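So the protein lines, in turn, are chains A and B.
Anchor point for the first sequence: position 119 equals 108 in our numbering, and the numbering is continuous, going up by one each time.
Anchor point for the second sequence: position 38 equals 27 in our numbering, and the numbering is continuous, going up by one each time.
For each residue, glycine too, the CB sits at the ideal point set by N, CA and C.
Predicted, not measured: the structure shown is a model, and the values here were computed from it.
Since the structure comes first, as structure tokens, the remarks are kept for the end.
Number of protein chains: 2
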Amino acid sequence: MSVSDSAAFMHGLILFGHGARDPRWAEPFERLATLTRAGNAPVTLAYLELMTPSLGEAVTEQVSAGCTRITIVPVFFGRGAHLRRDLPALLDACRAAHPTIEIRLATAVGEEESVLQAIAAFCLRARDT
Amino acid sequence: MSVSDSAAFMHGLILFGHGARDPRWAEPFERLATLTRAGNAPVTLAYLELMTPSLGEAVTEQVSAGCTRITIVPVFFGRGAHLRRDLPALLDACRAAHPTIEIRLATAVGEEESVLQAIAAFCLRARDT
């Protein structure tokens, strides 16, 4: 397999968070990026507002790096207007801008039972210690 | 041990989230409350804004139920102004309103390595399946 063949199958991961004014807010997201980086598969943080890059910028960056498939994980607990209204519109724009790229949307982190179980276990440890 | 002795040791847990306009936003928090409820130790959801009860209302409710110690877990990923400025002020008010109650603040969920590892594992599964 040549380098170009390998690049043709590159699959990117984008961790999509809300964003905030305080740069320290992003620390858990940076830790998540570190935990998910391995090999040469790109992992990029992207934010809805107040921080950069935007989702569109992160997708364009991964496409430029050679990704032909990108999975976006919303790192949100609840699914309110940001995930039900804002994210679908952003996703439509990304897909329209890159029609040959497979852009997949995962369920939100807060919908994942294994994540909720880890949080619940932490809450009980916090109470009982 | 009498009923009043038992009540004297009741230790409540409050899961503190941001809140949102869409009531469906709270679903993961309701699931977390279910996962952490066991025995007769109260578990209450509380919100910074847009949803009720407030943190002060939740603390008052647990004190009325007989809790003498309350642990508050911030169910937030990042630590921006909400956790660095708003929550300490709310906490001060709760402690002033209930000076005989031990009100403890846990670290935020997004600072907990086991939670971040569960999220990272979910992200990688989402990408690789």
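Segment limits, alpha helix (DSSP H) that includes residue i
{"i": "A:Phe108", "result": "First, the residue type needs correcting, since residue 108 of chain A is Ile and not Phe in the sequence shown. Looking at the DSSP string, the run of the alpha helix (DSSP H) that includes A:Ile108 is 102 to 117."}
{"i": "B:Glu16", "result": "16 to 25"}
{"i": "B:Pro77", "result": "76 to 86"}
{"i": "B:Ala35", "result": "Element bounds for B:Ala35: not the alpha helix (DSSP H) but the beta strand (DSSP E), 32 to 36."}
{"i": "A:Val52", "result": "44 to 53"}
Cut-off 6 Å between Cβ atoms - residues of its own chain near residue i, not counting five sequence neighbours on either side
{"i": "B:Pro42", "result": "Ala35"}
{"i": "B:Arg93", "result": "Thr60"}
{"i": "B:Val32", "result": "Leu2, Ala22, Thr25, Arg26"}
{"i": "B:Ala15", "result": "none"}
Within chain C, partners of residue i - CB distance below 9 Å
{"i": "A:Gln106", "result": "Chain labels in this structure do not include chain C; the protein chains are A and B."}
Integer-rounded CB distance, given that residue j should sit under 8 Å from residue i
{"i": "A:Glu38", "j": "A:Gly8", "result": "5 Å"}
{"i": "B:Arg10", "j": "A:Ala70", "result": "7 Å"}
Buried/exposed call for residue i, threshold 16 Cβ in 10 Å
{"i": "B:Arg84", "result": "exposed"}
{"i": "B:Pro88", "result": "exposed"}
{"i": "B:Ala109", "result": "buried"}
{"i": "B:Phe(-2)", "result": "exposed"}
{"i": "B:Arg114", "result": "exposed"}
Proximity to residue i [Cα-Cα], best of the options
{"i": "B:Leu131", "options": "B:Val104, B:Leu44, B:His87", "result": "Residue 131 of chain B is absent from the model: chain B starts at -10 and stops at 118."}
{"i": "B:Val98", "options": "A:Arg73, A:Ala107, A:Ala97, A:Glu19", "result": "A:Ala107"}
{"i": "A:Leu105", "options": "B:Ala82, B:Leu4, B:His71", "result": "B:Leu4"}
{"i": "B:Val52", "options": "B:Arg114, B:Arg116, B:Pro17, B:Ala86", "result": "B:Ala86"}
{"i": "B:Ala54", "options": "B:Arg20, B:Asn29, B:Glu101, B:Gly67", "result": "B:Asn29"}
Limits of the unbroken beta strand (DSSP E) element including residue i
{"i": "B:Glu91", "result": "91 to 94"}
{"i": "A:Pro63", "result": "58 to 63"}
{"i": "A:Phe5", "result": "0 to 6"}
Cβ-based neighbour list, residue i, same chain, cut-off 8 Å, excluding 5 preceding and 5 following
{"i": "A:Cys112", "result": "none"}
7 Å CB neighbourhood of residue i in its chain, flanking five on each side removed
{"i": "A:Leu79", "result": "Leu44, Gly45"}
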